[in-house]
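Undergrad: What follows is a structure written as structure tokens; I'll ask about it next.
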Amino acid sequence: MITEQNIILHLNVTNKNEIIDALAAKLMENGYLKDLNGFKEDIWKRENTVSTEVGYGIAMPHTKSSYVNKPAVIFGRSLEGITYDNDSCHLFFMIAAQADATDEHLETLSRLSTYLMDELFRAKLILADSVNDVISVINQKEQEEAEEKSVEEAILADSNTKYLVGVTACTAGIAHTYMSAQSLRDAAEKRGIQMKIQTDGSSGTENRLSDEEIEKADGVIIAADRTVDMSRFDGKRVVETSTKRGINNANELIDEVLSKKELYKAANSTKASSDAEESKSGGAFDIYKHLMNGVSFMLPFVVAGGILIAISFMFGVNSSNPDSGQYNAFAAFLNSVGGTAAFGLMVPIFAGYVAFSIADRPGLAPGAIGGMIASSGGSGFLGGLIAGFVAGYCILLLKKVLVKLPKSLHGLNPVLLYPVLGTLATTIVIQYVINTPISSFNDTLVNWLTDMSGSNAILVGALLGGILVSDMGGPLNKIAYAFGIQMITAGVYEPMAALMCGGMIPPIGLGLATTFFRNKFTDQDRETGKVAYVLGSCFITEGVIPFAAADPIRVIPANIIGAAVGGALSMAFGIELTAPHGGIFVIPIAINHPIIYVGCVLAGSIVTALIVGLTKKSVVMNKEIDNGGIENVSDVEGAI
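Letter 569 of the sequence shown, counting from 1, is numbered 558 in our numbering, and no numbers are missing.
Here you go:
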């Protein structure tokens, strides 16, 4: 990859311009370039598009150029460090590829990037005393990678190698979906097991499993908090669990599926037992999964409606009222789309997909119609929840009863009998049993929250914030969030503001802790902390899970206390949020006091950061290398 003549051990330069000049001049001197200035111009075109400073003290300027005679990689090093765009860098790799090259330079770039993710490899390059040492370090790394690849190929060629597939899906389809998939893949790889994971996230299905892949799989792991199409896995060993368990107990799940003897029987399979549909909705986790399936399909309607309403408020609080001096026709249109159309569909969609989760497609129409009756009858979100379960279980009952009809009439079940009888039964229950008491309860709750002030408001805000983050995406989190949505539909916006404030705090708080208490965290933790800032700002509480999993005794209480502080402050200041999600992207348009709200988030985050930072012990990283070159990575940590 790199020859001796293309190594500069001590770069005598002071800035980025001089770095590029020195590396390019060396390539020209060694006969790799036709024209030095032309090549540098191509390098700068790439640099001016996107910086090639990649973190970890590394920069990798590269380009395809017609001024290159033959492809080359040149390495330069500065022990003192040179500012390259945003950070101080010590290791520099310039890659020169010919203009008509295919993807050779990208392959080289990819290989180098992979090598440089290894902290010990970077440390060896920093500590190399000579050009020969650098060549030796690189050759050793290439040999290690080749050996690992040989082992992988041997595993793939072995017909006895186990092959697993899986599906992950969480309610929001943002964090747990992908974290669970990565955890399962990592656990399988360490055990020499092939595994392909289909992720059903917010942007749709990725890495979709083919019928052939499912057929040859030795087992299937479904880590999902909402309903997944299980008909494809008929006759396979299947383990169904939550995304949280997929994140925390991946090895346990692999053992479970490989040792499982019972084969899954899909409800619509000819091999299905009479109990198949009962088992589909028999346990507490199944009930939770049905609920989360409804929430998952409802969320886009809530978010779209809430944000459109918030935008309409930018024209004036009363801009949608024709009798007001603030009236604006476009604002009224936005308010109508958000409040009437999107919010009007919210409860029916929720109820319909709860029923769909329980009884498959036949449950959708009775559930949605029951949800509409609940919404128009005043029982709202809670009524819709009940409608979904009533419709789903009504359809399951009808399936058992109507199976006794002559086979010639079975074709009428899905198109006539299920929708008509299921809808009739569900709407009678909702209209005559549920709407009146639930509507009264909703009115009482709304009046109490509307009239609430002082210490009561602070207490409710603290409870909402603390409960939301207590299990980081688990059942308590979803219950608290569902309560916030229920209040939005009732026109009470303070609880959702407290909830979003509380949910943003844990990741941001841990990000602050990794920034201001650097000696308490490893390099990997500090990199994770940077990601946590972004996730927390977007109201993705799950960004704190890596920290909570590694140190639950300190992190979880700190999260709860910080979120409780933020939620309490939000309620104390009477802050309202009309959109149920979005983090910093909705604060300017959906919050009535955005600056104060940001202050509430920061206050809670600082509390979390201080608790973690002051209680956590300093980290010392000791790692030994086979050749004895480095005994303590912390000795060179500042350099890399």
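Every residue, glycine too, gets a C-beta built ideally from N, C-alpha and C.
Remember, it's a predicted structure, so these values are computed and weren't measured experimentally.
Using 8 Å as the Cβ pair cut-off and three pairs as the minimum, do the region 282 to 300 and the region 337 to 355 touch?
TA: yes
Undergrad: Report the start-end ranges of each beta strand (DSSP E) in the region 201 to 247 that is 3 residues or longer and not cut off at the edges.
TA: Taken in chain order, the complete beta strand (DSSP E) segments of 3 residues or longer contained in the region 201 to 247 are 208 to 213 and 227 to 230.
Undergrad: Classify residue 279 as helix, strand or coil using the three-state DSSP reduction.
TA: Within the sequence shown, residue 279 is the residue found at index 290, counting from 1. In this structure, residue 279 counts as helix in the three-state DSSP scheme.
Undergrad: Just reading off the beta strand (DSSP E) that residue 77 is part of, what are its end residues?
TA: In the sequence shown, counting from the first residue as 1, residue 77 sits at position 88. Unbroken beta strand (DSSP E) run through residue 77: 76 to 87.
Undergrad: Could you give the distance in angstroms between the alpha-carbon of residue 417 and the alpha-carbon of residue 359?
TA: As a first step, residue 417 is located in the sequence shown; it is residue number 428 there, counting from the start. As a first step, residue 359 is located in the sequence shown; it is residue number 370 there, counting from the start. So the two alpha carbons sit approximately 9 Å from each other.
Undergrad: Assuming residue 61 and residue -5 make a contact with CB atoms under 8 Å, what is their CB distance in whole Å?
TA: Within the sequence shown, numbered from 1, the residue matching residue 61 stands at position 72. Within the sequence shown, numbered from 1, the residue matching residue -5 stands at position 6. Confirmed, Cβ separation roughly 6 Å.
Undergrad: With burial defined as no fewer than 16 other Cβ atoms inside 10 Å of the residue's Cβ, what is the status of residue 603: buried or exposed?
TA: Numbered from 1 along the sequence shown, position 614 holds the residue referred to as residue 603. By the neighbour-count rule (16 or more Cβ atoms within 10 Å), residue 603 is not buried but exposed.
Undergrad: Once the 5 residues before and after residue 321 are set aside, which same chain residues still bring their CB inside 6 Å of it?
TA: Residue 321 sits at position 332 when you count from the first residue of the sequence shown. Same-chain partners within the cutoff: 309.
Undergrad: Measuring alpha carbon to alpha carbon, tell me which of 433, 329 and 275 ends up nearest residue 290.
TA: In the sequence shown, counting from the first residue as 1, residue 290 sits at position 301. Comparing Cα positions, the closest option is 329.
Undergrad: Helix, strand or coil: which one does DSSP assign to residue 416?
TA: Locating residue 416 in the sequence shown gives position 427, counting from the first residue. In this structure, residue 416 counts as helix in the three-state DSSP scheme.
Undergrad: Leaving out five residues before and five after residue 264 in sequence, what residues of the same chain have Cβ atoms less than 6 Å from its Cβ?
TA: In the sequence shown, counting from the first residue as 1, residue 264 sits at position 275. Caution applies to residue 264, whose pLDDT of 44 falls short of 50 and renders its modelled position unreliable; the value that the coordinates give is listed next. So the list is empty, once near-sequence residues are dropped.
Undergrad: Just verifying my parser: in three-state terms, what is the DSSP assignment at residue 194?
TA: Within the sequence shown, the letter at position 205 stands for residue 194. In this structure, residue 194 counts as strand in the three-state DSSP scheme.
Undergrad: Less than 6 Å between C-beta atoms, sequence neighbours within five positions excluded: which residues of the same chain meet that for residue 307?
TA: Reading the sequence shown from its first residue, position 318 is the one you call residue 307. So the list reads 313 and 315, once near-sequence residues are dropped.
Undergrad: State yes or no: is the C-beta of residue 184 within less than 8 Å of the C-beta of residue 177?
TA: The sequence position of residue 184 within the sequence shown is 195, counting from 1. The sequence position of residue 177 within the sequence shown is 188, counting from 1. Against a cut-off of 8 Å, the Cβ pair of residue 177 and residue 184 comes out as a contact.
Undergrad: Answer yes or no: do residue 374 and residue 411 have a C-beta to C-beta separation smaller than 8 Å?
TA: The residue labelled residue 374 in the question sits at position 385 within the sequence shown. The residue labelled residue 411 in the question sits at position 422 within the sequence shown. No. Outside cutoff.
Undergrad: Short of 6 Å in beta carbon distance, which residues of its chain neighbour residue 34, apart from the five on each side in sequence? Order them along the chain.
TA: As a working mapping, residue 34 is identified with position 45 in the sequence shown. Correct list: empty, nothing qualifies.
Undergrad: State the CB to CB distance for the pair residue 11 and residue 65, rounded to an integer number of angstroms; the pair is presumed to be in contact (CB under 8 Å).
TA: Here residue 11 is taken as the residue at index 22 of the sequence shown, counted from 1. Here residue 65 is taken as the residue at index 76 of the sequence shown, counted from 1. Right, their Cβ atoms sit about 7 Å apart.
Undergrad: Leaving out five residues before and five after residue 334 in sequence, what residues of the same chain have Cβ atoms less than 8 Å from its Cβ?
TA: Numbered from its first residue, the sequence shown carries residue 334 at position 345. Once the five neighbours on either side are set aside, the close Cβ partners of residue 334 are 290.
Undergrad: Looking only at its own chain, which residues have a Cβ that is under 8 Å from the Cβ of residue 29, when we skip the five neighbours before and after it?
TA: Here residue 29 refers to the residue found at position 40 when the sequence shown is read from its first residue. So the list reads 9, 10 and 13, once near-sequence residues are dropped.
Undergrad: Does DSSP put residue 68 in a helix, in a strand, or in coil?
TA: As a first step, residue 68 is located in the sequence shown; it is residue number 79 there, counting from the start. Here residue 68 sits in strand by DSSP.
Undergrad: Taking the C-alpha atoms as reference points, what is the distance between residue 525 and residue 531?
TA: What you label residue 525 is simply residue 536 of the sequence shown in a count that begins at 1. What you label residue 531 is simply residue 542 of the sequence shown in a count that begins at 1. Between residue 525 and residue 531, the C-alpha separation is close to 8 Å.
Undergrad: Tell me which residue opens and which closes the alpha helix (DSSP H) that residue 597 is part of.
TA: Counting from one through the sequence shown, the residue named residue 597 turns up at place 608. 583 to 604 is the span of the alpha helix (DSSP H), which, as asked, contains residue 597.
Undergrad: Per DSSP, which residues does residue 184 bridge with? Please list them.
TA: As a working mapping, residue 184 is identified with position 195 in the sequence shown. Answer is 153, bridged to residue 184.
Undergrad: How many angstroms separate the CA atom of residue 208 from the CA atom of residue 214?
TA: Taking the first residue of the sequence shown as 1, we reach residue 208 at position 219. Taking the first residue of the sequence shown as 1, we reach residue 214 at position 225. Roughly 19 Å separates the two Cα atoms.
Undergrad: Does the region 450 to 457 come close enough to the region 391 to 410 to have 3 or more Cβ pairs within less than 8 Å?
TA: no
Undergrad: Check the C-beta distance from residue 528 over to residue 572 and give it rounded, since I have them as a contact under 8 Å.
TA: The residue you call residue 528 lines up with position 539 of the sequence shown. The residue you call residue 572 lines up with position 583 of the sequence shown. Contact holds; Cβ gap of about 4 Å.
Undergrad: From which residue to which residue does the alpha helix (DSSP H) around residue 365 run?
TA: Indexing the sequence shown from 1 puts residue 365 at position 376. Where residue 365 is concerned, the enclosing alpha helix (DSSP H) stretches over 353 to 365.
Undergrad: Using beta-carbon positions only, say whether residue -3 and residue 15 come within less than 8 Å of one another.
TA: Taking the sequence shown and counting its residues from 1, one reaches residue -3 at position 8. Taking the sequence shown and counting its residues from 1, one reaches residue 15 at position 26. Taking 8 Å as the Cβ cut-off, residue -3 and residue 15 qualify as a contacting pair.
Undergrad: Which of the three DSSP states, helix, strand or coil, is assigned to residue 54?
TA: Within the sequence shown, the letter at position 65 stands for residue 54. Three-state result, residue 54: strand.
Undergrad: Residue range of the beta strand (DSSP E) that residue 481 falls in?
TA: The count along the sequence shown starts at 1 and reaches residue 481 at position 492. Unbroken run through residue 481: none, as it is neither H nor E.
Undergrad: Quick one: which unbroken alpha helix (DSSP H) runs of 4-plus residues sit fully inside the region 369 to 433? Chain order, please.
TA: 369 to 391 and 407 to 418
Undergrad: Go ahead and pull the three-state DSSP assignment for residue 73.
TA: Here the question's residue 73 lines up with position 84 in the sequence shown. Residue state, collapsed to three classes: strand.
Undergrad: Select from -1, 419 and 482 the residue whose C-alpha is nearest the C-alpha of residue 436.
TA: Mapped onto the sequence shown, residue 436 falls at position 447. Of -1, 419 and 482, the residue nearest in Cα terms is 482.
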